[in-house]
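*Asks:*
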Amino acid sequence: MAEPKFAPSILSADFARLGEAVAAVEKAGADWVHVDVMDGHFVPNLTFGPKMVADLRRATRLPLDVHLMIERPEAWVDRYAEAGASYLTVHVEAAADVGATLAAIRARGMKVGLTLNPETAVEAILPHLGALDLALVMSVHPGFGGQSFIAGSLDKVRAIRRALDTHGARAELEVDGGIKPDNARAVVEAGATVLVAGSAIYEDPAGPGAALAKFKRAVRA
Ligand code: DX5
Ligand code: ZN
Numbered sequence: 059m060a061e062p063k064f065a066p067s068i069l070s071a072d073f074a075r076l077g078e079a080v081a082a083v084e085k086a087g088a089d090w091v092h093v094d095v096m097d098g099h100f101v102p103n104l105t106f107g108p109k110m111v112a113d114l115r116r117a118t119r120l121p122l123d124v125h126l127m128i129e130r131p132e133a134w135v136d137r138y139a140e141a142g143a144s145y146l147t148v149h150v151e152a153a154a155d156v157g158a159t160l161a162a163i164r165a166r167g168m169k170v171g172l173t174l175n176p177e178t179a180v181e182a183i184l185p186h187l188g189a190l191d192l193a194l195v196m197s198v199h200p201g202f203g204g205q206s207f208i209a210g211s212l213d214k215v216r217a218i219r220r221a222l223d224t225h226g227a228r229a230e231l232e233v234d235g236g237i238k239p240d241n242a243r244a245v246v247e248a249g250a251t252v253l254v255a256g257s258a259i260y261e262d263p264a265g266p267g268a269a270l271a272k273f274k275r276a277v278r279a
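In the numbering used here, each residue's number is its place in the sequence shown (first place is 1) plus 58.
#1: May I ask you to report which of helix, strand or coil DSSP gives PRO185?
#2: Pick out every residue whose C-beta is nearer than 6 Å to a heavy atom of ligand 2: which are they, in chain order?
#3: Using three-state DSSP, classify LYS169 as helix, strand or coil.
#4: If you follow the beta strand (DSSP E) that MET196 is in, where does it begin and where does it stop?
#5: LEU146: buried (16+ other C-beta within 10 angstroms of its C-beta) or exposed?
#6: Can you list, in chain order, the residues of its chain whose CB lies under 8 Å from that of VAL180, leaving out five sequence neighbours each side?
#7: Distance, Cα to Cα, ALA152 vs THR251?
#8: Across the segment 251-265 and the segment 107-115, are there enough close Cβ pairs to call them in contact, namely three or more that are closer than 8 Å?
#9: Please confirm whether VAL170 and ALA182 have their CB atoms less than 9 Å apart.
#10: For ILE72, which three-state DSSP category applies?
#11: For ALA79, does the count of other Cβ atoms within 10 angstroms reach 16, so buried, or fall short, so exposed?
#12: Assuming GLY167 contacts SER206 under a Cβ cut-off of 8 Å, what Cβ separation, rounded to an integer in Å, is found between them?
#13: Residues in the same chain with beta-carbon distance under 6 Å from LEU69, minus the five sequence neighbours each way, listed in chain order, please.
#14: Between MET168 and ligand 1, is the CB less than 8 Å from at least one heavy atom?
#15: By how many angstroms is the C-alpha of ALA161 removed from the C-alpha of ALA242?
#16: Report back the beta-carbon spacing between GLY142 and LEU122 to the nearest angstrom; my notes put them in contact at under 8 Å.
#17: Give me, in chain order, the residues of the same chain whose beta-carbon lies closer than 8 Å to that of GLU129; leave out the 5 immediate sequence neighbours on both sides.
#18: Restricting to runs no shorter than 4 residues, where is the alpha helix (DSSP H) found entirely within the segment 214-274?
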């Protein structure tokens, strides 16, 4: 089993001390920083926009894995490119023309990500796998950190793993929502290559660095 990448989600960090939050996980060996952009329409919560991404871009050397939970994501591709997003992931439910949106992300020099909500069947993203650098399985209903992992998500991870392998596609397979040290290994065994964790990293009383170390031990065990 290959060691996964870890992408701590700053959604659960202290927004007034984000630079420190990112530095702590960078020092502890995080691979990417997961940035949850919410518009209060596609999901019932509101976070931040391109300026936050631009400011984070100056605060860390890690790739910025930007997860857009917004309506009309196609209208925002240029602004996230200018802000310095490394990966830009859009929801298949949100893009008016999914293929054109993915092509626009690629044309602006970012890595291309596509994700789907828990109630959306994997078939919605399968036709696009060849165009992706990242397929993201949402294992909670997007909008809030600290929710429980939806068990059926593992079947989706396995199905996308099979489809990627069948087509020789090398996209990362990321899973987001409810990931803790005690279920991380099962998610990786199902085929994930990148794990997002928010509350389990930033709400651990031991601190984000120690929390990330727990994840690394859990997937090695
Ligand atoms: C949920 C976000 C997640 C969130 C995960 O809408 O997309 O990235 O931060 O948080 P946890 O790990 O607490 O479930
Ligand atoms: Zn996310």
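All C-beta atoms in this analysis are idealised placements derived from N, C-alpha and C, irrespective of residue type, glycine included.
Since this is a predicted model, take the numbers as computed values, not measurements.
*Replies:* Put simply:
#1: Indexing the sequence shown from 1 puts residue 185 at position 127. Three-state DSSP puts PRO185 in a helix.
#2: SER67, HIS92, ASP94, HIS125, ASP234, VAL254
#3: The sequence position of residue 169 within the sequence shown is 111, counting from 1. Strand at LYS169.
#4: For this step, residue 196 is matched to residue 138 along the sequence shown. Start and end: 192-196.
#5: The residue you call residue 146 lines up with position 88 of the sequence shown. By the 10 Å Cβ count, LEU146 comes out buried.
#6: Sequence index remark: in the sequence shown, residue 180 carries index 122 (1-based). For VAL180, where only same-chain residues beyond five positions count, the Cβ hits under 8 Å are LEU174, LYS214, ALA217, ILE218, ALA221.
#7: Position 94 of the sequence shown, counted from the first residue, corresponds to residue 152. Position 193 of the sequence shown, counted from the first residue, corresponds to residue 251. About 24 Å.
#8: no
#9: Here residue 170 refers to the residue found at position 112 when the sequence shown is read from its first residue. Here residue 182 refers to the residue found at position 124 when the sequence shown is read from its first residue. No. Outside cutoff.
#10: Looking up residue 72 in the sequence shown gives position 14. The sequence given here places Asp at residue 72; Ile does not occur at that position. It is coil, neither helix nor strand.
#11: Residue mapping note: residue 79 aligns to position 21 of the sequence shown, counting from 1. With 16 or more Cβ atoms within 10 Å of its Cβ, ALA79 is classed as buried.
#12: Here the question's residue 167 lines up with position 109 in the sequence shown. Here the question's residue 206 lines up with position 148 in the sequence shown. Actually they do not touch by this definition, with Cβ atoms about 37 Å apart.
#13: The residue given as residue 69 occupies position 11 in the sequence shown. Counting only Cβ-Cβ distances below 6 Å, and skipping sequence neighbours, we find ASP94, GLY203, GLY256.
#14: Here residue 168 corresponds to residue number 110 of the sequence shown, with the count starting at 1. Not so, every heavy atom of ligand 1 lies at least 8 Å from the Cβ.
#15: On the sequence shown, position 184 is the one that residue 242 refers to. On the sequence shown, position 103 is the one that residue 161 refers to. Spanning the two alpha carbons is a distance of roughly 32 Å.
#16: Numbered from its first residue, the sequence shown carries residue 142 at position 84. Numbered from its first residue, the sequence shown carries residue 122 at position 64. The pair is a contact, with the Cβ atoms about 7 Å apart (cut-off 8 Å).
#17: Your numbering for residue 129 matches position 71 in the sequence shown. Answer for GLU129: ASP97, HIS99, PHE100, ALA152, listed in chain order.
#18: 239-247, 257-260
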